[in-house]
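J.: Just so we're aligned: the sequence shown equals residues 175 to 648 in my numbering. Just passing along the structure, written as structure tokens.
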Amino acid sequence: MKNGAQYRNSLKKLRPNLFKWGKLLKDVTRNPATKLHVDAIAACYDAAFDPEQRTLFTNQSHLSGKPAHRWNTLMRTPEDILANARMKRAQFHRTGACHGATCAGWTMLNALWAVTWEIDQARGTTYHSRLERYFRFLEDNSLATAGALTDAKGNRSLGPATQPLLDSHLHIKEIREDGVVVRGVKAQICGVAAAHEIVCVPGGSLKEDESSFAIAFAIPRDVAGLTIVETRRPSDTRDEEEGWDAPKVGGISQAFLLFDDVFVPNERIFLNGEHEFAALFINIFTALYRAPIGACVAGQGDVMIGAAIELAQAAGLSQKIFQDRLTRMAINNETTFGLGIGAIFNGSSHPSGLWIPDPLLSHVNKILVATLPYDTKRIAQELGGGIVETGCFPSYRDLHSPLYGKELLDSLAAASDGETRARLARLQEWLTIGGGIPGCLNGGGAPDGARIMVRALEPWKEFAALARVIAGVQ
Ligand SMILES: Cc1cc2nc3c(=O)[nH]c(=O)nc-3n(C[C@H](O)[C@H](O)[C@H](O)COP(=O)(O)OP(=O)(O)OC[C@H]3O[C@@H](n4cnc5c(N)ncnc54)[C@H](O)[C@@H]3O)c2cc1C
Numbered sequence: 175m176k177n178g179a180q181y182r183n184s185l186k187k188l189r190p191n192l193f194k195w196g197k198l199l200k201d202v203t204r205n206p207a208t209k210l211h212v213d214a215i216a217a218c219y220d221a222a223f224d225p226e227q228r229t230l231f232t233n234q235s236h237l238s239g240k241p242a243h244r245w246n247t248l249m250r251t252p253e254d255i256l257a258n259a260r261m262k263r264a265q266f267h268r269t270g271a272c273h274g275a276t277c278a279g280w281t282m283l284n285a286l287w288a289v290t291w292e293i294d295q296a297r298g299t300t301y302h303s304r305l306e307r308y309f310r311f312l313e314d315n316s317l318a319t320a321g322a323l324t325d326a327k328g329n330r331s332l333g334p335a336t337q338p339l340l341d342s343h344l345h346i347k348e349i350r351e352d353g354v355v356v357r358g359v360k361a362q363i364c365g366v367a368a369a370h371e372i373v374c375v376p377g378g379s380l381k382e383d384e385s386s387f388a389i390a391f392a393i394p395r396d397v398a399g400l401t402i403v404e405t406r407r408p409s410d411t412r413d414e415e416e417g418w419d420a421p422k423v424g425g426i427s428q429a430f431l432l433f434d435d436v437f438v439p440n441e442r443i444f445l446n447g448e449h450e451f452a453a454l455f456i457n458i459f460t461a462l463y464r465a466p467i468g469a470c471v472a473g474q475g476d477v478m479i480g481a482a483i484e485l486a487q488a489a490g491l492s493q494k495i496f497q498d499r500l501t502r503m504a505i506n507n508e509t510t511f512g513l514g515i516g517a518i519f520n521g522s523s524h525p526s527g528l529w530i531p532d533p534l535l536s537h538v539n540k541i542l543v544a545t546l547p548y549d550t551k552r553i554a555q556e557l558g559g560g561i562v563e564t565g566c567f568p569s570y571r572d573l574h575s576p577l578y579g580k581e582l583l584d585s586l587a588a589a590s591d592g593e594t595r596a597r598l599a600r601l602q603e604w605l606t607i608g609g610g611i612p613g614c615l616n617g618g619g620a621p622d623g624a625r626i627m628v629r630a631l632e633p634w635k636e637f638a639a640l641a642r643v644i645a646g647v648q
């Protein structure tokens, strides 16, 4: 396993291919646009060597039997996925932000574990053993993997094959004996700046004439032909400037990935044209991903509760005044966390060895994750007052102006000094309307998709039959 310093060094060895503000980011571990997310992931690597944290951040490898970073292992039991959920909550507790580079790619590889097994059974292919070798490579090198599913998509009412711009979706441009050449755009991908590798998968289910979009593979982040452009986020310039107008202990990064004829060797391809397995991949991936994400928003909600209590006290108010609303915030947090656990333990084992949470409960959880945190945020803003709701007080720089800084800080002082209150307000602002928002609505897929799945999975006819029997009607 690697510690945080070794992880940072390994990132430095990659070819710089990330841009932001029109400039090449030469060192993602130091550039302020990406440093905070790298720091957050470095802390996950260090956790493997911390006696108090290592049970969450490591697991026994399904391949070597040795301890490995959790994000290099297969989730074989409900306990493995529960630990994933707890690890996510712990990450939010420490940084206020999400796992990024050690989350989506890992979950995609786990889903592919079952999907490659299914394809091999149906088609006599050898994808599963390739994936096993790739997992071993990740474990041997302690690598972090971002996951790219979302295509740029183009016109949403057209399929990938009928788009005016073919590059709206990542696709196979050329098939060679030793691999494929791909091109297209993947968008809004989390954690790429802090990852060594990128796992790419189809963005949705596919029809027969869309088989050139049915491609799943893994590439080094710095592969030839790939240009990565970091996105803007609310308050991102605050990450890059001095002071505490945004917290400086963690953060996310997101990127658009421009594939310009990227060669992928056969050994790194896990689905290649089998369009009918794209839907299976999406079904398994979403079940696996949407169960533990309740823990992410719960973890962030916990920090909001903490900031609300501290802000109340800094303002000279007791926690008691707000207790009802704090309790409501806690209920929201525990609902998404708990429903995720329900989905995990109500799941089942796939013959490949992967544990798959109950899809119905996972999709319901996704809908709650897209709903309840907004109530939590609204309460956090209500309890914090105007300085939280819109962050409407002067900047760090103004608060430190030799001309008027002292007067401003005095004007913010209440039961605490002005700086304490201002720092807490900035944290709550960041969590509720700033760069700390984890993407509850669309991260992990838009809630409409989850609603469609609930509609498909719920046994409506069976319930109607039950009602007929109980009512005594034919
Ligand atoms: C914080 C965050 C992190 C993310 N991280 C990742 C990541 O790591 N990897 C990754 O692959 N993706 C990631 N995403 C992307 C995420 O998966 C997408 O945002 C999500 O799938 C929705 O896609 P979209 O943004 O293109 O929305 P759109 O497709 O533009 O959808 C907008 C709305 O239109 C509806 N809609 C779209 N098409 C149709 C249609 N044909 N018929 C009816 N309704 C339609 C949708 O349901 C939705 O309500 C992330 C997103 C966020 C916000």
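The C-beta atom is built at its ideal place from N, Cα and C for all residues, glycine as well.
Assuming contact is defined by CB atoms lying nearer than 7 Å, are N440 and G298 in contact in what I supplied?
T.: No; because the gap between Cβ atoms is not below 7 Å, this pair is not in contact.
J.: Of all the options A504, K494, A488, A465, which has the alpha carbon lying nearest to the alpha carbon of M478?
T.: Checked all of A504, K494, A488, A465; the closest Cα to M478 is A504.
J.: Grab the span of the beta strand (DSSP E) containing H211 for me, first residue to last.
T.: Segment 209-221 is the alpha helix (DSSP H) holding H211; no beta strand (DSSP E) there.
J.: Do L323 and ligand 1 come close, with the Cβ less than 6 Å from some heavy atom?
T.: Checking every heavy atom of ligand 1 against the Cβ of L323, one is found closer than 6 Å.
J.: Under 6 Å from any heavy atom of ligand 1, does the C-beta of D622 make it?
T.: Because some heavy atom of ligand 1 lies under 6 Å away, the Cβ of D622 counts as near it: yes.
J.: Taking only the alpha-carbon atoms, compute the straight-line gap between S427 and A320 and give it to the nearest angstrom.
T.: Looking at the two C-alpha atoms, the distance is approximately 11 Å.
J.: Touch check for the stretch 361-378 and the stretch 322-329: three-plus C-beta pairs under 8 Å?
T.: Taking 8 Å as the limit for Cβ pairs, the verdict is that the stretch 322-329 does touch the stretch 361-378.
J.: Look up L317 in the DSSP assignment and say whether it is helix, strand or coil.
T.: In the structure shown, L317 sits in coil (DSSP, three-state: anything other than H, G, I, E or B).
J.: What three-state label does DSSP hand T383 in the structure shown?
T.: Here residue 383 turns out to be Asp, not Thr, going by the sequence shown. If DSSP states are grouped into helix, strand and coil, D383 belongs with the helices.
J.: Within 10 Å of its beta-carbon, does E603 have 16 or more other beta-carbons around it, so buried, or fewer, so exposed?
T.: Answer is buried; the Cβ neighbour count reaches 16.
J.: Contact between the stretch 195-212 and the stretch 250-257 is defined here as three or more beta-carbon pairs at a separation below 8 Å; is this criterion met?
T.: Too few Cβ pairs lie closer than 8 Å, so no.
J.: Three Cβ pairs or more, each shorter than 8 Å: is that satisfied between the stretch 271-285 and the stretch 339-351?
T.: Output reads no: the stretch 339-351 does not touch the stretch 271-285.
J.: Closest by CA to S590, which one among N506, G527, F223, S492?
T.: Checked all of N506, G527, F223, S492; the closest Cα to S590 is S492.
J.: Count the other CB atoms, across all protein chains shown, that sit within 10 Å of the CB of P621; report buried if there are 16 or more and exposed otherwise.
T.: It counts as buried.
J.: Going residue by residue through the stretch 503-555, where are the continuous alpha helix (DSSP H) segments of at least 4 residues, counting only ones entirely within it?
T.: DSSP runs (the alpha helix (DSSP H)) wholly in the stretch 503-555: 533-543.
J.: Would A660 pass as a contact of E414 if the rule is Cβ separation under 7 Å?
T.: There is no way to answer for residue 660, as the model of the chain reaches only from 175 to 648.
J.: Please indicate yes or no: does the CB of C364 lie closer than 6 Å to some heavy atom of ligand 1?
T.: Checking the Cβ of C364 against ligand 1 gives yes.
J.: What is the DSSP secondary structure of G424, counted as helix, strand or coil?
T.: Reduced to three states, the DSSP call for G424 is coil.
J.: Taking 6 Å as the line, does the beta carbon of G613 fall inside it for any heavy atom of ligand 1?
T.: Yes - ligand 1 has a heavy atom lying nearer than 6 Å to the Cβ of G613.
J.: I need the DSSP call for V375, collapsed to helix, strand or coil.
T.: Correct three-state label for V375: coil.
J.: Hey, would you say R263 sits closer than 7 Å to G560, going by beta carbons?
T.: No.
J.: Please report the residue range of the beta strand (DSSP E) in which L344 lies.
T.: That residue, L344, is in no beta strand (DSSP E); it is neither H nor E in DSSP.
J.: Among S522, A481, P408, L380, which residue has its Cα nearest to the Cα of I611?
T.: It is P408.
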